[in-house]
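Residue numbers (my numbering), protein chains in the order written: chain W, 3 to 393; chain D, 3 to 393; chain E, 10 to 150; chain X, 10 to 150.
Note that beta-carbon positions come from the ideal geometry of N, C-alpha and C, so glycine has one too.
This structure is a prediction, so every number in the text was calculated from the model and none was measured.
First the structure, in the form of structure tokens, and then the observations on it.
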Amino acid sequence: MEKKRLVYMDHAATTMTHSEVVRTMMPYLNERFGNPSSIYGIAHESKEAIESARQKVAKALGADAQEIYFTAGGTESDNWALKGVAFANKKKGNHIITTKIEHHAVLHTCQYLEKQGFEVTYLPVDAYGIVDLSELEKAITDQTILISVMYANNEIGTIQPIAEIGKIASEHEIYFHTDAVQAIGNIPIDVEAANIDLLSFSAHKFYGPKGIGGLYIRKGTRIDNLLHGGGQERKRRAGTENIAGIVGLGKAIELATADIDSHNLRIRAMRDRLLAGILGQIPHTRLNGHQEKRLPGNLNISFEYIEGESMLLLLDQYGICGSTGSACTSGSLEPSHVLLAIGLPHEIAHGSLRLTLGDANREEDVDCVLEVLPKVVERLRSMSPLYRPDQ
Amino acid sequence: MEKKRLVYMDHAATTMTHSEVVRTMMPYLNERFGNPSSIYGIAHESKEAIESARQKVAKALGADAQEIYFTAGGTESDNWALKGVAFANKKKGNHIITTKIEHHAVLHTCQYLEKQGFEVTYLPVDAYGIVDLSELEKAITDQTILISVMYANNEIGTIQPIAEIGKIASEHEIYFHTDAVQAIGNIPIDVEAANIDLLSFSAHKFYGPKGIGGLYIRKGTRIDNLLHGGGQERKRRAGTENIAGIVGLGKAIELATADIDSHNLRIRAMRDRLLAGILGQIPHTRLNGHQEKRLPGNLNISFEYIEGESMLLLLDQYGICGSTGSACTSGSLEPSHVLLAIGLPHEIAHGSLRLTLGDANREEDVDCVLEVLPKVVERLRSMSPLYRPDQ
Amino acid sequence: MYSEKVMDHFMNPRNMGEIENADGIGEVGNPVCGDIMKISLKIEDNRIVDARFKTFGCGAAIASSSMATELVKGKTLEEAWEVSNKAVAEALEGLPPIKMHCSVLAEEGIHKAINEYRIKNGLEPWEEKTPYGEHTPGDGA
Amino acid sequence: MYSEKVMDHFMNPRNMGEIENADGIGEVGNPVCGDIMKISLKIEDNRIVDARFKTFGCGAAIASSSMATELVKGKTLEEAWEVSNKAVAEALEGLPPIKMHCSVLAEEGIHKAINEYRIKNGLEPWEEKTPYGEHTPGDGA
Ligand SMILES: Cc1ncc(COP(=O)(O)O)c(C=O)c1O
Ligand SMILES: Cc1ncc(COP(=O)(O)O)c(C=O)c1O
Numbered sequence: 003m004e005k006k007r008l009v010y011m012d013h014a015a016t017t018m019t020h021s022e023v024v025r026t027m028m029p030y031l032n033e034r035f036g037n038p039s040s041i042y043g044i045a046h047e048s049k050e051a052i053e054s055a056r057q058k059v060a061k062a063l064g065a066d067a068q069e070i071y072f073t074a075g076g077t078e079s080d081n082w083a084l085k086g087v088a089f090a091n092k093k094k095g096n097h098i099i100t101t102k103i104e105h106h107a108v109l110h111t112c113q114y115l116e117k118q119g120f121e122v123t124y125l126p127v128d129a130y131g132i133v134d135l136s137e138l139e140k141a142i143t144d145q146t147i148l149i150s151v152m153y154a155n156n157e158i159g160t161i162q163p164i165a166e167i168g169k170i171a172s173e174h175e176i177y178f179h180t181d182a183v184q185a186i187g188n189i190p191i192d193v194e195a196a197n198i199d200l201l202s203f204s205a206h207k208f209y210g211p212k213g214i215g216g217l218y219i220r221k222g223t224r225i226d227n228l229l230h231g232g233g234q235e236r237k238r239r240a241g242t243e244n245i246a247g248i249v250g251l252g253k254a255i256e257l258a259t260a261d262i263d264s265h266n267l268r269i270r271a272m273r274d275r276l277l278a279g280i281l282g283q284i285p286h287t288r289l290n291g292h293q294e295k296r297l298p299g300n301l302n303i304s305f306e307y308i309e310g311e312s313m314l315l316l317l318d319q320y321g322i323c324g325s326t327g328s329a330c331t332s333g334s335l336e337p338s339h340v341l342l343a344i345g346l347p348h349e350i351a352h353g354s355l356r357l358t359l360g361d362a363n364r365e366e367d368v369d370c371v372l373e374v375l376p377k378v379v380e381r382l383r384s385m386s387p388l389y390r391p392d393q
Numbered sequence: 003m004e005k006k007r008l009v010y011m012d013h014a015a016t017t018m019t020h021s022e023v024v025r026t027m028m029p030y031l032n033e034r035f036g037n038p039s040s041i042y043g044i045a046h047e048s049k050e051a052i053e054s055a056r057q058k059v060a061k062a063l064g065a066d067a068q069e070i071y072f073t074a075g076g077t078e079s080d081n082w083a084l085k086g087v088a089f090a091n092k093k094k095g096n097h098i099i100t101t102k103i104e105h106h107a108v109l110h111t112c113q114y115l116e117k118q119g120f121e122v123t124y125l126p127v128d129a130y131g132i133v134d135l136s137e138l139e140k141a142i143t144d145q146t147i148l149i150s151v152m153y154a155n156n157e158i159g160t161i162q163p164i165a166e167i168g169k170i171a172s173e174h175e176i177y178f179h180t181d182a183v184q185a186i187g188n189i190p191i192d193v194e195a196a197n198i199d200l201l202s203f204s205a206h207k208f209y210g211p212k213g214i215g216g217l218y219i220r221k222g223t224r225i226d227n228l229l230h231g232g233g234q235e236r237k238r239r240a241g242t243e244n245i246a247g248i249v250g251l252g253k254a255i256e257l258a259t260a261d262i263d264s265h266n267l268r269i270r271a272m273r274d275r276l277l278a279g280i281l282g283q284i285p286h287t288r289l290n291g292h293q294e295k296r297l298p299g300n301l302n303i304s305f306e307y308i309e310g311e312s313m314l315l316l317l318d319q320y321g322i323c324g325s326t327g328s329a330c331t332s333g334s335l336e337p338s339h340v341l342l343a344i345g346l347p348h349e350i351a352h353g354s355l356r357l358t359l360g361d362a363n364r365e366e367d368v369d370c371v372l373e374v375l376p377k378v379v380e381r382l383r384s385m386s387p388l389y390r391p392d393q
Numbered sequence: 010m011y012s013e014k015v016m017d018h019f020m021n022p023r024n025m026g027e028i029e030n031a032d033g034i035g036e037v038g039n040p041v042c043g044d045i046m047k048i049s050l051k052i053e054d055n056r057i058v059d060a061r062f063k064t065f066g067c068g069a070a071i072a073s074s075s076m077a078t079e080l081v082k083g084k085t086l087e088e089a090w091e092v093s094n095k096a097v098a099e100a101l102e103g104l105p106p107i108k109m110h111c112s113v114l115a116e117e118g119i120h121k122a123i124n125e126y127r128i129k130n131g132l133e134p135w136e137e138k139t140p141y142g143e144h145t146p147g148d149g150a
Numbered sequence: 010m011y012s013e014k015v016m017d018h019f020m021n022p023r024n025m026g027e028i029e030n031a032d033g034i035g036e037v038g039n040p041v042c043g044d045i046m047k048i049s050l051k052i053e054d055n056r057i058v059d060a061r062f063k064t065f066g067c068g069a070a071i072a073s074s075s076m077a078t079e080l081v082k083g084k085t086l087e088e089a090w091e092v093s094n095k096a097v098a099e100a101l102e103g104l105p106p107i108k109m110h111c112s113v114l115a116e117e118g119i120h121k122a123i124n125e126y127r128i129k130n131g132l133e134p135w136e137e138k139t140p141y142g143e144h145t146p147g148d149g150a
């Protein structure tokens, strides 16, 4: 089988680091290695580089630089936000509200907190993956200390009504955390306007390096530390700073948020053409998630009668990179909790394919998928005991 | 004042990344960006790169690759080891033993655990910074679940009798953690021979990149997760892997442990010449730590009547990078807890200078410090109200 | 992740399809778990002369079905009954731990098809060592 | 970390030393905290005609002593008493928050030296706004 150029349509999993970002990082991997906690000249350079990156993040989020803390990624940020707020405010209450469709970094942290005596409400979502605001209001008790709702979902791309949630949270004086890992660079964010108290981000999702991320913490928020040790990050996050990573994150967020609209335009156009082509050519196929309120690059489609992993394996043979919500890639029996939460039956959830477009894609990639995917689906259906051609 | 070449003598704070390490990392910052959790070809490359790095770490420690977990650095590893073992074993007991001279990543984590209901014994050390084994034996109770003693101290370089401590711990069936952040590449390590159950390391201390480290966890050790989320690192440490960092760590540990002896020989020789020169030329001066049982590159010297930060500032003017145990660099009133623990009076602790030699140094650096330092000390003493030249 | 053999049987599955008027048919698995295998056998003189599969499932499930049908073709029913999931996995040059259940499913499919034949022909069905459906996938550890 | 002015006064301290037969001497701080300043003043006709310092301490402590002695030289005792730690810090173009206590120490040193002179000359000592030693360094936040 002929290998074509790599058609990378898994930008929600991770992105390639922008070459300008790598270039900005290089000096800090080489001669500029000084530990920013030190006192001599080369340490100052490191310190300044970190503070300049902090400014860039602050600007992208409409925050103050002093409200930005660097972490090792989205997972650490989510863990810190949830555990840190929960433990620091447990005298005030023990109730946390989140949703059924959060990333595991939030869900598993909530499960851990349940073991520690906290109560967690997992809000349901509608068929498009959107949280019901009246359900949210109903769930609030005088014990509620934290609401955590993701900005945009990593699987189906659904964008939540974050400003409305922020308003509800602030009216009830409850801290509001949002996992914006998938949103940065795709949706303009303003933590002030949306009443966000804590916001997680991860550089490798917006063309920055892996292993670096951050947490926005609104001034005055009561939150415990997650990592104890040295006095870095104004005594809130210990550990020698990953300077190259931080510098890369700063550059990446600057690039990703410089011109969100025109960036989206290009990607959304390709995405929409791809969607129309797939739905037009392949029967027994449905789009998961919301038609409008979705990330510009995200497609999540279920193909009945077939299973996702085998689809991915065949696509890989043609150089197409995608992902699936089938349990078969994760080794569990349950397919994606997100697809189940929007009401998909198990067998349909198993047959889902996520294609997430981004900077790596060109129109010819769309052509390639539109040529290959129908064949792949047809081939697997021909093997499937569930499929009858006359269906 | 003429600026000479940078004389970097702060290798214990951080090291420059080896050029070969940077070269090994580069592909993973560029084209090899695939998320190792994915299914397609470029994801496999990432996965293989991670497993190959894991092998290298395992080899360096005498461990099995399946016992190595990557983290964001020494701080996270220390936090994980202590909190993870404490919470997972709290039904067995609530007592932890450590020492007064641990890094803050261990000490502050212990203080956090005390707030959570654990009891912590902080063992004293002798005048050289060595833990008394009979004190350790005496401290053990039937509630003791963990002993955490650092392999080598970051300030005074003292190397602990780790194998003996491991023997005691294993005889009492108590988990033994060691913070080996400063030891890797300087001391041959064998987790089997020394009965170590958990061992922390951080790449930037052995010519690897910042923001990446790891924890060795002996098979069968009961330990909770610290970061909850995705199934990475065999479900024990969530978060998209910092592939470039991991690959860099792997290369760095391979280089650092390839030929410890001859590497040490060179550095120890420079260090000893520097020490002899300083003690010979500058009166009212003493070496802190142990003469023999110390890291090959470590010097920690107290100069009476003067304060450390001003010493560093003047040295920086000559391009010499060092550090101090004076509180004045950290913004607290208390000088280094390590220097106090070995019995130094406050004013002597304030006047300490740490010079840590490593790969960046050549003989001319020693010459430079021996030329500059006496002038710096003399100058500050002439300003000091505590100093009488006839003393 | 997968051995070359698995990829070969996934990309070029042997015996894919259904036998018309099959002598024995076994359908195992369920769509909730994401794997269904349907094995059909042509049996002559107590010997499997043809075996076919249709599978809804992952790469390992498809490769396991393909390999299992290959392994039983030409064997007597007694011999075919002894083809274990381990034999299937080994013939595939190994399966990832979390995919071992696919080979179990293939073994079960063959067994179910053989017993369907036996029952249809008035014979006592043979007993499974582990009842259908009680396999659990590895925990990925 | 430090302003250019701080570095200038640290590298080229003004008025370093001790005045022989000083009219007023103030020693403040203690070695435990890592800063000691000794200020000596030459006073003529209620005016500071010379001021010197010796300091054990960090860069900010040395620069603050240097600047404080500069600021009080030529001033009457009343004027010199009004030279606050903030004035010292401002003249140095700012100090990091965690180093503000160094400027407090310098103010205290001047005050102590002036009062020592006043007591020696049978005058009532002036009252400190904050008693010696009650300053705390910033928390670095
Ligand atoms: C929505 C969301 N939250 C959190 C994470 C975790 O981020 P990371 O893997 O960088 O720790 C991810 C991606 O993996 C994500 O998509
Ligand atoms: C002994 C010791 N432990 C732990 C750490 C923390 O490592 P990191 O800063 O890489 O998190 C350090 C260095 O800072 C150290 O020297």
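Q. For ligand 2, which residues have a Cβ under 5 Å from at least one heavy atom, in chain order?
A. Gly-241/W, Thr-242/W, Gly-75/D, Gly-76/D, Thr-77/D, His-105/D, Ala-107/D, Asn-156/D, Asp-181/D, Val-183/D, Gln-184/D, Ser-204/D
Q) Taking the C-alpha atoms as reference points, what is the distance between His-105/D and Ala-88/W? A) Taking the first residue of the second sequence as 1, we reach residue 105/D at position 103. Taking the first residue of the first sequence as 1, we reach residue 88/W at position 86. Roughly 27 Å separates the two Cα atoms.
Q.
Could you check whether the Cβ of Met-152/W sits closer than 7 Å to any heavy atom belonging to ligand 1?
A. Locating residue 152/W in the first sequence gives position 150, where the first residue counts as 1. Met-152/W: yes, Cβ under 7 Å from ligand 1.
Q.
Counting only Cβ pairs nearer than 7 Å, list the residues of chain X close to Leu-315/D.
A. Within the second sequence, numbered from 1, the residue matching residue 315/D stands at position 313. Phe-19, Gly-68, listed in chain order.
Q.
Any heavy atom of ligand 1 closer than 7 Å to the beta-carbon of Gly-310/D?
A. Residue 310/D sits at position 308 when you count from the first residue of the second sequence. Incorrect: Gly-310/D has no Cβ contact closer than 7 Å to ligand 1.
Q: Run the CB neighbour count on Asn-30/X, radius 10 Å, all protein chains shown included, and call it buried at 16 or more, exposed below.
A: Counted from its first residue, the fourth sequence places residue 30/X at position 21. When all chains shown are included, Asn-30/X counts as exposed.
Q: State the DSSP-derived secondary structure class of Thr-16/D, mapped to helix, strand or coil.
A: As a position in the second sequence, residue 16/D is number 14, starting the count at 1. Coil.
Q: For Leu-297/W, count neighbouring C-beta atoms within 10 Å of its own C-beta (all shown protein chains included) and say buried if the count is 16 or more, exposed if not.
A: Numbered from its first residue, the first sequence carries residue 297/W at position 295. With 16 or more other Cβ atoms within 10 Å, it is buried.
Q.
My output table needs one value for Ala-60/X: the three-state DSSP class, helix, strand or coil.
A. Position 51 of the fourth sequence, counting from 1, holds the residue named residue 60/X. Of the three classes helix, strand and coil, the one that applies to Ala-60/X here is strand, per DSSP.
Q.
Would you say Glu-4/W lies against chain E (beta-carbon separation less than 8 Å)?
A. Here residue 4/W refers to the residue found at position 2 of the first sequence. With a pLDDT of 49 at Glu-4/W, under the threshold of 50, the modelled position of that residue is not reliable, and the figure given next carries that caveat. By this cut-off, Glu-4/W is not an interface position.
Q: Decide if Asn-244/D is buried, meaning its Cβ has at least 16 other Cβ atoms within 10 Å, or exposed.
A: Translated into the one-based positions of the second sequence, residue 244/D becomes position 242. Answer is buried; the Cβ neighbour count reaches 16.
Q: Tell me whether His-206/W counts as near ligand 1, meaning its Cβ is closer than 7 Å to at least one heavy atom of that ligand.
A: Taking the first residue of the first sequence as 1, we reach residue 206/W at position 204. Yes, Cβ of His-206/W sits closer than 7 Å to a heavy atom of ligand 1.
Q) Helix, strand or coil: how does DSSP classify Thr-77/D here? A) Sequence index remark: in the second sequence, residue 77/D carries index 75 (1-based). Here Thr-77/D sits in helix by DSSP.
Q | Local conformation of Glu-366/W per DSSP, three classes | A | Numbered from its first residue, the first sequence carries residue 366/W at position 364. In the structure shown, Glu-366/W sits in a helix (DSSP, three-state: H, G or I).
Q. Around the C-beta of Arg-383/D, are 16 or more other C-beta atoms found within 10 angstroms, so that it is buried, or is it exposed?
A. In the second sequence, counting from the first residue as 1, residue 383/D sits at position 381. With 16 or more other Cβ atoms within 10 Å, it is buried.
Q: Check whether the Cβ of Gln-319/W lies closer than 8 Å to any Cβ atom in chain E.
A: If you number the first sequence from 1, residue 319/W lands on position 317. With 8 Å as the cut-off, Gln-319/W counts as an interface residue toward chain E.
Q: Residues of the stretch 199-211 of chain W with a CB closer than 8 Å to any CB of chain D: list them in chain order, please.
A: Ser-204, His-206, Pro-211
Q: Measure the C-alpha to C-alpha separation of Asp-274/D and Pro-391/D and round it to an integer number of angstroms.
A: Here residue 274/D refers to the residue found at position 272 of the second sequence. Here residue 391/D refers to the residue found at position 389 of the second sequence. Distance between the alpha carbons of Asp-274/D and Pro-391/D: 28 Å.
Q | Element boundaries [beta strand (DSSP E), containing Arg-288/D] | A | Here residue 288/D refers to the residue found at position 286 when the second sequence is read from its first residue. Its beta strand (DSSP E) spans residues 287-289.
**Q.** 8 Å Cβ shell around Ser-114/W - same chain, five flanking residues per side excluded
**A.** By 1-based counting over the first sequence, the position of residue 114/W is 112. The amino acid occupying residue 114/W in the given sequence is Tyr; Ser does not appear at that position. Only Lys-85 meet the Cβ criterion.
Q | Member of Gly-159/D, Leu-63/D, Ile-142/D, Arg-239/D whose CA lies at the smallest distance from the CA of Ser-79/D | A | The sequence position of residue 79/D within the second sequence is 77, counting from 1. Comparing Cα positions, the closest option is Arg-239/D.
Q) When Cβ atoms are compared, which residues of the stretch 337-353 of chain D fall closer than 7 Å to chain B? A) Given the protein chain composition of this structure (W, D, E and X), no chain B is represented.
Q: Name the one or two DSSP bridge partners that Leu-50/X has.
A: Locating residue 50/X in the fourth sequence gives position 41, counting from the first residue. Answer is Gly-33/X, Ala-60/X.
Q) Going along the chain, which residues of the stretch 236-252 of chain W sit with their C-beta nearer than 8 Å to a C-beta in chain D? A) Ala-240, Gly-241, Thr-242, Glu-243, Asn-244, Ile-245, Ala-246, Gly-247
Q. Do Ala-115/E and Val-97/E have their CB atoms nearer than 8 Å?
A. For the purposes of this step, residue 115/E is identified with residue 106 of the third sequence, where counting begins at 1. For the purposes of this step, residue 97/E is identified with residue 88 of the third sequence, where counting begins at 1. Yes, the Cβ-Cβ distance between Ala-115/E and Val-97/E is below 8 Å.
**Q.** Distance between beta carbons of Ala-72/E and Val-15/E, contact taken as under 8 Å
**A.** Within the third sequence, residue 15/E is the residue found at index 6, counting from 1. Within the third sequence, residue 72/E is the residue found at index 63, counting from 1. Between Ala-72/E and Val-15/E the Cβ distance is about 4 Å, and since that is below 8 Å, they are a contact.
Q. At what residues does the alpha helix (DSSP H) containing Tyr-114/D begin and finish?
A. Locating residue 114/D in the second sequence gives position 112, where the first residue counts as 1. That run of the alpha helix (DSSP H) goes 106-117.
**Q.** Neighbour list for Val-24/D in chain W, Cβ cutoff strictly below 7 Å
**A.** As a working mapping, residue 24/D is identified with position 22 in the second sequence. Neighbours of Val-24/D on chain W, chain order: Leu-31, Asn-32.
Q. When the cut-off is 8 Å and only beta carbons count, does Ala-141/W lie next to chain D?
A. One-based indexing of the first sequence puts residue 141/W at position 139. Chain D contact via Cβ: absent.
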